[in-house]
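Undergrad: Chains as they are written, first to last, in this note's numbering: chain A, 3 to 118; chain B, 327 to 440.
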Amino acid sequence: AQTVTQSQPEMSVQEAETVTLSCTYDTSESDYYLFWYKQPPSRQMILVIRQEAYKQQNATENRFSVNFQKAAKSFSLKISDSQLGDAAMYFCAYRSAVRGADGLTFGKGTHLIIQP
Amino acid sequence: KAGVTQTPRYLIKTRGQQVTLSCSPISGHRSVSWYQQTPGQGLQFLFEYFSETQRNKGNFPGRFSGRQFSNSRSEMNVSTLELGDSALYLCASKRTGVSSYEQYFGPGTRLTVT
């Protein structure tokens, strides 16, 4: 079974600065997808960024980018120019490309605090 | 395009009762998944439906069941509620085919069992 580990229960960053959230995963599969989801206090899960394992290029979405290290099974999220609206729980998630019906496997989450 | 909708948003039930939660996926999305979120266990996969068929189920007891209708709307049912069933239940939908791995979540139903 796949596991996803987020080792930082909570992170704090000053507004406008850069922060990196860590995620490692364990799998024996070679084809899979990785995601970062954001869950603000409203509890609505919002997809932030995705990465296909077969792509070597790191995904980028505006201020959000990932550092995907397949051999190390690491998938960190970098948020540049942090904004107050970035404050939320961030979840790293894994989905098999072969057994897609298994659903997403989530990490325990990182609570991101933005200091004004 | 309207997002995933879930009803009701909040629910309070008593131990031993049963509950039905509803999820309407994004228009055109035929796959619906359900997740349970609790402070202790985090986010856990319940089941996934596609074309009215359950494709997979997570490690949950038989008290948890679901179904999907021909219009892709889905319901999940929990019978004989226990205190530990108190959680946020999230529904997610996705397309099939290209970019079918992206799931979009609804706002959730907060279930409290007393």
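For each residue, glycine too, the CB sits at the ideal point set by N, CA and C.
Can you pull out the residues from the segment 78 to 98 of chain A whose beta carbon lies closer than 7 Å to at least one beta carbon of chain B?
TA: F93, R97
Undergrad: For G410 (chain B), which three-state DSSP category applies?
TA: In the second sequence, residue 410 (chain B) corresponds to position 84, counting from 1. DSSP places G410 (chain B) in helix when its eight states are reduced to three.
Undergrad: With three or more beta-carbon pairs closer than 8 Å as the criterion, would you say the segment 101 to 115 of chain A touches the segment 385 to 402 of chain B?
TA: no
Undergrad: Can you check DSSP and say which residues form a bridge with E83 (chain A)?
TA: Here the question's residue 83 (chain A) lines up with position 81 in the first sequence. For clarity, residue 83 (chain A) is Asp in the given sequence; the question names Glu instead. Answer is none; D83 (chain A) lacks a bridge partner.
Undergrad: Quick one: using the 10 Å Cβ neighbour count with 16 as the cut-off for buried, is G354 (chain B) buried or exposed?
TA: Locating residue 354 (chain B) in the second sequence gives position 28, counting from the first residue. With a 10 Å radius around the Cβ and a threshold of 16 neighbouring Cβ atoms, G354 (chain B) comes out exposed.
Undergrad: Check whether the segment 86 to 104 of chain A and the segment 392 to 405 of chain B are in contact - that is, three or more C-beta pairs closer than 8 Å.
TA: Three or more beta-carbon pairs separated by less than 8 Å are not found between the segment 86 to 104 of chain A and the segment 392 to 405 of chain B, which leaves the two stretches without contact.
Undergrad: Say whether the segment 427 to 440 of chain B touches the segment 377 to 384 of chain B, bearing in mind that this needs 3 or more beta-carbon pairs closer than 8 Å, one atom from each stretch.
TA: no
Undergrad: Going by DSSP in three states, A103 (chain A) sits in which element: helix, strand or coil?
TA: Your numbering for residue 103 (chain A) matches position 101 in the first sequence. Three-state DSSP puts A103 (chain A) in a helix.
Undergrad: Run through DSSP, which three-state label would D28 (chain A) get?
TA: Residue numbering aside, residue 28 (chain A) sits at position 26 when the first sequence is read from its first letter. D28 (chain A): strand per DSSP, three-state reduction.
Undergrad: Ordered along the chain, which non-local residues of its own chain (more than five positions away) have a Cβ less than 7 Å from that of V6 (chain A)?
TA: By one-based count along the first sequence, residue 6 (chain A) stands at place 4. If we look at V6 (chain A) and ignore the five residues flanking it on each side, its Cβ neighbours are C25, Y27, C94, A95, Y96, T107, F108, G109.
Undergrad: So what's T364 (chain B) in DSSP terms, helix, strand or just coil?
TA: Position 38 of the second sequence, counted from the first residue, corresponds to residue 364 (chain B). Correct three-state label for T364 (chain B): strand.
Undergrad: Since T438 (chain B) and I338 (chain B) should fall inside the 8 Å C-beta cutoff, what is the C-beta to C-beta distance between them, to a whole number of angstroms?
TA: Position 112 of the second sequence holds residue 438 (chain B). Position 12 of the second sequence holds residue 338 (chain B). Correct: roughly 5 Å between the Cβ atoms.
Undergrad: Using CA coordinates, which residue listed in B:Q344, B:C349, B:R341, B:T440 is at the minimum distance from Y430 (chain B)?
TA: Stepping through the second sequence from its first residue, residue 430 (chain B) is reached at position 104. Of the listed residues, the one whose Cα sits closest to Y430 (chain B) is B:C349.
Undergrad: Where T340 (chain B) and Q332 (chain B) are concerned, what is the direct C-alpha to C-alpha distance, given to the nearest angstrom?
TA: For the purposes of this step, residue 340 (chain B) is identified with residue 14 of the second sequence, where counting begins at 1. For the purposes of this step, residue 332 (chain B) is identified with residue 6 of the second sequence, where counting begins at 1. Roughly 21 Å separates the two Cα atoms.
Undergrad: I'd like the span of the beta strand (DSSP E) that includes I115 (chain A), first residue to last.
TA: As a working note, residue 115 (chain A) is residue 113 in the first sequence. Segment 112 to 117, the beta strand (DSSP E) holding I115 (chain A).
Undergrad: Name, please, each residue of chain B whose Cβ falls closer than 8 Å to the Cβ of A103 (chain A).
TA: In the first sequence, counting from the first residue as 1, residue 103 (chain A) sits at position 101. Per Cβ cutoff of 8 Å: E374, F376, R381, N382.
Undergrad: Taking only beta-carbon atoms, is Q46 (chain A) less than 8 Å away from chain B?
TA: Residue 46 (chain A) sits at position 44 when you count from the first residue of the first sequence. Yes - at least one Cβ of chain B is within 8 Å of the one on Q46 (chain A).
Undergrad: Considering only residues of the same chain and omitting the five flanking positions on each side of S67 (chain A), which have a CB-CB separation below 8 Å?
TA: Against the first sequence, residue 67 (chain A) aligns to sequence position 65. If we look at S67 (chain A) and ignore the five residues flanking it on each side, its Cβ neighbours are I51, N60, A61, L79, K80, S82.
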